[in-house]
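Notes follow once the structure below has been shown.
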Amino acid sequence: MPIIDYREVLKGLVVQEAMRRQVISLPKTAPLEQAIRFIIKYKVNAILITAAPKEGLGVVSKTDLMGAYYAGLPLGTPCEAIMVGPPLFIGPQDTLDCALDAMRSQKVHRLYVRENGAPQTLGVLAYPDIVGLLYRYCNKCERSLRARGGAAKSLPDHLRIREVMTAGVQAYQQDDSLQQVMEGLAAYRFGAMLIKTPAGRPAGVVSKTDLILAYKHGLPTDTLARCIMTAPVQACDGNAPVVDALKTMILTDVHRLFVYQDSSQNLVGVLALSDVARFRSGTCRACLASRIIS
Amino acid sequence: MSLTARQLMDTRFETLRPEMSISEAVNIFQRTGRERGRTVFGMMVTDEAGTLLGLLSIYDILLLLRPKHIHIWGEMEDLEVSGLLEDACRRTKGVLVGDIMTTDVITITPDTDLLLIIDIMIKKHVRRLPVLADGKILGIVYLSGVFDRLLEKLAG
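As given, the protein sequences belong to chains A and B, one line each in that order. By our numbering, the letter at position 7 of the first sequence is numbered 7, and the numbering carries on one by one without gaps. Position in the second sequence (from 1) plus 1000 gives the number in our numbering.
So, in C-alpha cells, the structure goes:
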C-alpha cells in the first residue's frame, strides 16, 4: 500500500490497486441473450467482447442492450452487432487520477486494464471500485475527521449529500411505456428513471437492469412502466452525510439513490456512486480542504 | 468389471423450466429434498420437449444473493446488516431460472467410465453430470453417488 499523500488522497494510488481482476467476457459470436444472462448473473454493467481469450475487441453494456431492445433486435443477434469498440484501456501502473480523467473526458463508466502493447486484458476499473478503495483509505487516514474526533463528533463536518448530488429529477408516469422510458434514459444519459403516480408521488424506479430483463423475458416495448418498476424508491435525506449514502449503496447493491428534502415525497436530486468517485476524495472535509490548498 | 455412468446415474430426476421464478425453483429443491431424504443442491433445466438447456445450482443462487461490493464490508464500521438478507431475497423476485442458469453444461454418455467421470469432476469442479444419449436425458450422476461407489470398492 503506498504512502497516503495528505494533500491529495488519490495521488500515488495506481489502477492495479483498485481494479477487479475478474473480467466477465464473451466471444463476439455470443448471442445478446447470453450477454444479458452474464450481466445479471455476475452483477456487472458491461461485458468485454473478445476475439481470442482475454483480447478485448469491444464492449457490450446495459445501455447497448437497452438500445437493442428499443430497436427490436432478436435476442439471438451476435454481440459483435451492437458492441462498441475498441474498449478503452489503461495501464495497471497508471494513476487513479489519470483513470478518472479518462473516464470523465471519454464519458465512459469503466476502463479495461492491460500492459502497454500486450493483448491480454488484466482487469477492469469502474466507479464502484474506486469508491471502494477511497472508502478504505478514508478509514485509515490519520487526518480524517473520523480519526480526529470520532464518528459522532465529525458528522457535522462531513460532506452532505446535497453538496455532491446532481440536482433535479426527471420522471415518467406509471402508465408510460417502456419505449418512452428508454427514450428518456437515452436522452438524459441516466442509469435509471423515476416513475411517478398520476398524483405526482414517487412510485418506483425503472433501471437499465429492469429493462434488459424485460427484453430477455420477451416483454414488448409498449409494456407499461409500472409492470416492471422496482418499488419502493430508494431515497435518502439531502442533509445526511455522504458517507451514509455511500454505505447504503455499497450494502444494497444500488448505484444511485434519489435525494429528498423535507419530505420523502419531495425528490430534489440523485446521488450516484459516480458522483462520489468524481469528488476525488474520501467523504470528509479534511481531504477536501487539503485539496483546495494543493 | 468397470463401472460406467449407466450404473452410477440416478434415473429419478426433477427438472426446472427456464421461465420459473427463483422462489419456485427453490420450492422444488426443497420438495425433492424431502422426498429423497437429502438436500438438493442443483437441478437440470429443460424445455417443453425435455431437451437439456442448462443447470441451476445453489451456487448460481448464492451468486445472485451475494452483495456485489461485499469485499468492502470489512472496512466499514458500525455495519448495520439487519434486513439486508431479506432485501437481497426481494431483489431476486424479477429474476427467472433462465436468467442465471449455467448453459455450458458438460454432459456424459451412459458408457462414460467411472474413472473418466472422476477426472471430469475434479478438473471442471462439477458435482453433477447429466447423462445423455442422442440428446435425450437418461439420468444424472452426482458426486455423492460416485463417492458412495468408490467407498464400496475401497472397503471391499
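Beta carbons: idealized from backbone N, C-alpha and C, even for Gly.
Item to complete: Check whether the Cβ of Arg1091(B) lies closer than 9 Å to any Cβ atom in chain A.
Response: On the second sequence, residue 1091(B) is found 91 positions in, with the first residue counted as 1. With 9 Å as the cut-off, Arg1091(B) counts as an interface residue toward chain A.
Worksheet item: Using CA coordinates, which residue listed in Gln180(A), Gly191(A), Ala35(A) is at the minimum distance from Gly58(A)?
Response: Indexing the first sequence from 1 puts residue 58(A) at position 58. Ranked by Cα distance from Gly58(A), the first of Gln180(A), Gly191(A), Ala35(A) is Ala35(A).
Fill in: chain B contacts made by the region 203-216 of chain A, where a contact means CB separation under 8 Å
For chain B, the residues of the region 203-216 of chain A that bring a beta carbon within less than 8 Å of one of its beta carbons are Asp210, Leu213, Lys216, in chain order.
Worksheet item: For Val206(A), which residues from the same chain have a beta carbon less than 7 Å from its beta carbon, with the 5 sequence-adjacent residues on both sides left out?
Response: Sequence index remark: in the first sequence, residue 206(A) carries index 206 (1-based). Correct list, in chain order: Val181, Ala192, Met193, Ile195, Ala225, Ile228, Met229.
Fill in: Residues of its chain near Gln261(A), where Cβ-Cβ distance is below 7 Å and the 5 sequence neighbours each way are ignored
Taking the first residue of the first sequence as 1, we reach residue 261(A) at position 261. In chain order, Gly238, Val268 place their CB closer than 7 Å to the CB of Gln261(A), counting only its own chain and leaving out the 5 sequence neighbours on each side.
Discussion item. Distance cutoff 9 Å, beta carbons only. Does Asp1087(B) sit that close to anything in chain A?
Written reply: In the second sequence, residue 1087(B) corresponds to position 87, counting from 1. By this cut-off, Asp1087(B) is an interface position.
Practice prompt. Would you mind giving the Cβ-Cβ distance between Val113(A) and Leu100(A), rounded to the nearest angstrom? I have them listed as a contact below 8 Å.
Written response: Taking the first sequence and counting its residues from 1, the one referred to as residue 113(A) is at position 113. Taking the first sequence and counting its residues from 1, the one referred to as residue 100(A) is at position 100. With a Cβ gap of about 14 Å, Val113(A) and Leu100(A) do not count as contacting.
Worksheet item: What span of residues does the alpha helix (DSSP H) with Val113(A) cover, start to end?
Response: Working through the first sequence from its first residue, we reach residue 113(A) at position 113. Taken as a continuous stretch (DSSP letters only), Val113(A) belongs to no alpha helix (DSSP H), being part of the beta strand (DSSP E) at 110-113.
Discussion item. Looking at the secondary structure, which residues open and close the beta strand (DSSP E) in which Ala235(A) lies?
Written reply: On the first sequence, position 235 is the one that residue 235(A) refers to. 235-237 is the extent of the beta strand (DSSP E) around Ala235(A).
Worksheet item: Taking C-beta to C-beta, are His109(A) and Ser61(A) nearer than 9 Å?
Response: By one-based count along the first sequence, residue 109(A) stands at place 109. By one-based count along the first sequence, residue 61(A) stands at place 61. In this structure, Ser61(A) lies closer than 9 Å to His109(A) by Cβ.
Practice prompt. Along the alpha helix (DSSP H) that carries Phe1029(B), what are the first and last residues, could you check?
Written response: What you label residue 1029(B) is simply residue 29 of the second sequence in a count that begins at 1. Unbroken alpha helix (DSSP H) run through Phe1029(B): 1022-1036.
Practice prompt. Let me know if Thr50(A) comes out buried or exposed under the rule of 16 or more other beta-carbons within 10 Å of its beta-carbon.
Written response: The residue labelled residue 50(A) in the question sits at position 50 within the first sequence. It counts as buried.
Discussion item. Applying the 10 Å Cβ sphere with the 16-neighbour rule, what's the burial state of Arg256(A)?
Written reply: Counted from its first residue, the first sequence places residue 256(A) at position 256. Taking a 10 Å sphere around the C-beta of Arg256(A), we find 16 or more other C-beta atoms and assign the residue as buried.
Worksheet item: Quick one: Cα of Gln16(A) to Cα of Pro92(A), how far?
Response: On the first sequence, position 16 is the one that residue 16(A) refers to. On the first sequence, position 92 is the one that residue 92(A) refers to. One C-alpha to the other measures close to 5 Å.
Worksheet item: Between the Cα of Val86(A) and the Cα atoms of Leu48(A), Val44(A), Thr77(A), which residue gives the shortest distance?
Response: Indexing the first sequence from 1 puts residue 86(A) at position 86. Contrary to the premise, residue 86(A) reads as Pro rather than Val in this sequence. It is Leu48(A).
Item to complete: Scan the region 190-278 of chain A and note each continuous beta strand (DSSP E) run of 3 residues or more that stays entirely inside, going in chain order.
Response: List check, beta strand (DSSP E) in window: 192-196, 202-207, 235-237, 256-261, 263-272.
Fill in: chain A contacts from the region 1001-1027 of chain B (Cβ-Cβ distance under 9 Å)
Taking a C-beta cut-off of 9 Å against chain A, the contacting residues of the region 1001-1027 of chain B are Glu1019, listed in chain order.
Discussion item. Nearest by alpha-carbon distance to Asp1047(B): which of Thr1039(B), Arg1149(B), Gly1098(B) is it?
Written reply: For this step, residue 1047(B) is matched to residue 47 along the second sequence. Asp1047(B) has its Cα closest to that of Gly1098(B), out of Thr1039(B), Arg1149(B), Gly1098(B).
Worksheet entry | Which listed residue (His217(A), Val254(A), Val233(A)) has its alpha carbon closest to that of Ala365(A) | Past the edges of chain A, shown from 1 to 294, lies residue 365(A), and the structure says nothing about it.
Fill in: Any beta strand (DSSP E) of 3 or more consecutive residues that is wholly inside the region 37-77 of chain A
Taking only runs of at least 3 residues, the beta strand (DSSP E) segments lying wholly in the region 37-77 of chain A are 46-50, 56-61.
Discussion item. Less than 9 Å between the C-beta atoms of Ala235(A) and Pro198(A), yes or no?
Written reply: Taking the first residue of the first sequence as 1, we reach residue 235(A) at position 235. Taking the first residue of the first sequence as 1, we reach residue 198(A) at position 198. Cβ atoms of Ala235(A) and Pro198(A): not closer than 9 Å.
Worksheet item: Hey, how far is the Cα of Leu1114(B) from the Cα of Met1121(B)?
Response: As a first step, residue 1114(B) must be located in the second sequence, where it is residue number 114. As a first step, residue 1121(B) must be located in the second sequence, where it is residue number 121. Distance from the CA atom of Leu1114(B) to the CA atom of Met1121(B), rounded to whole angstroms, is 10 Å.
Worksheet item: What residues in the region 238-254 of chain A have a beta carbon less than 7 Å from any beta carbon of chain B?
Response: Going along the region 238-254 of chain A in chain order, one finds Lys247, Ile250, Leu251, Thr252, Asp253 with a Cβ nearer than 7 Å to chain B.
Practice prompt. For Gly1050(B), I'd like the list of residues in its chain whose CB is within less than 8 Å of its CB, leaving aside the five on either flank, ordered along the chain.
Written response: Within the second sequence, numbered from 1, the residue matching residue 1050(B) stands at position 50. Setting aside the 5 residues that flank it on each side, Gly1050(B) is surrounded in the same chain by Thr1015, Lys1136, Ile1137, each with a C-beta closer than 8 Å to its C-beta; the list follows chain order.
Practice prompt. Answer yes or no: do Phe1041(B) and Ile1058(B) have a C-beta to C-beta separation smaller than 9 Å?
Written response: Translated into positions along the second sequence, residue 1041(B) becomes position 41. Translated into positions along the second sequence, residue 1058(B) becomes position 58. In this structure, Ile1058(B) lies closer than 9 Å to Phe1041(B) by Cβ.
Worksheet item: Is Ile1108(B) helix, strand or coil when you go by DSSP?
Response: For this step, residue 1108(B) is matched to residue 108 along the second sequence. Of the three classes helix, strand and coil, the one that applies to Ile1108(B) here is strand, per DSSP.
Worksheet item: Can you list, in chain order, the residues of its chain whose CB lies under 7 Å from that of Phe38(A), leaving out five sequence neighbours each side?
Response: Along the first sequence, one-based indexing puts residue 38(A) at 38. Answer for Phe38(A): Ile24, Leu26, Ile47, listed in chain order.
Worksheet item: Which partner residues of Met1043(B) appear in the DSSP bridge assignment?
Response: Residue mapping note: residue 1043(B) aligns to position 43 of the second sequence, counting from 1. For Met1043(B), which the question treats as bridged, DSSP gives the partners Leu1056(B).
Item to complete: Report yes if the CB atom of Thr1109(B) is closer than 9 Å to the CB atom of Val1131(B), and no otherwise.
Response: Position 109 of the second sequence, counted from the start, is the residue given in the question as residue 1109(B). Position 131 of the second sequence, counted from the start, is the residue given in the question as residue 1131(B). Yes, the Cβ-Cβ distance between Thr1109(B) and Val1131(B) is below 9 Å.
Fill in: Of the listed residues Ala272(A), Ser264(A), Ser274(A), Val276(A), nearest to Gly204(A) (C-alpha basis)
Taking the first sequence and counting its residues from 1, one reaches residue 204(A) at position 204. For Gly204(A), the nearest C-alpha among the options comes from Ser264(A).
Worksheet entry | chain B contact residues for Ile40(A), given Cβ-Cβ distances below 7 Å | Counted from its first residue, the first sequence places residue 40(A) at position 40. Residues of chain B with a Cβ closer than 7 Å to the Cβ of Ile40(A) are, in chain order, Val1095, Asp1099, Ile1100.
Worksheet item: Looking at the structure shown, is Gly120(A) part of a helix, part of a strand, or coil, going by DSSP?
Response: Position 120 of the first sequence, counting from 1, holds the residue named residue 120(A). The sequence shown places Gln at residue 120(A), rather than the Gly named in the question. Assignment of Gln120(A) by DSSP, reduced to helix, strand and coil, places it in the strand class.
Fill in: Contact check, Ile40(A) vs Ile212(A), beta carbons under 9 Å
Within the first sequence, the letter at position 40 stands for residue 40(A). Within the first sequence, the letter at position 212 stands for residue 212(A). Yes. Within cutoff.
Discussion item. So that I know if they touch, is there some Cβ in chain B lying closer than 9 Å to that of Pro128(A)?
Written reply: The sequence position of residue 128(A) within the first sequence is 128, counting from 1. Closer than 9 Å: yes.
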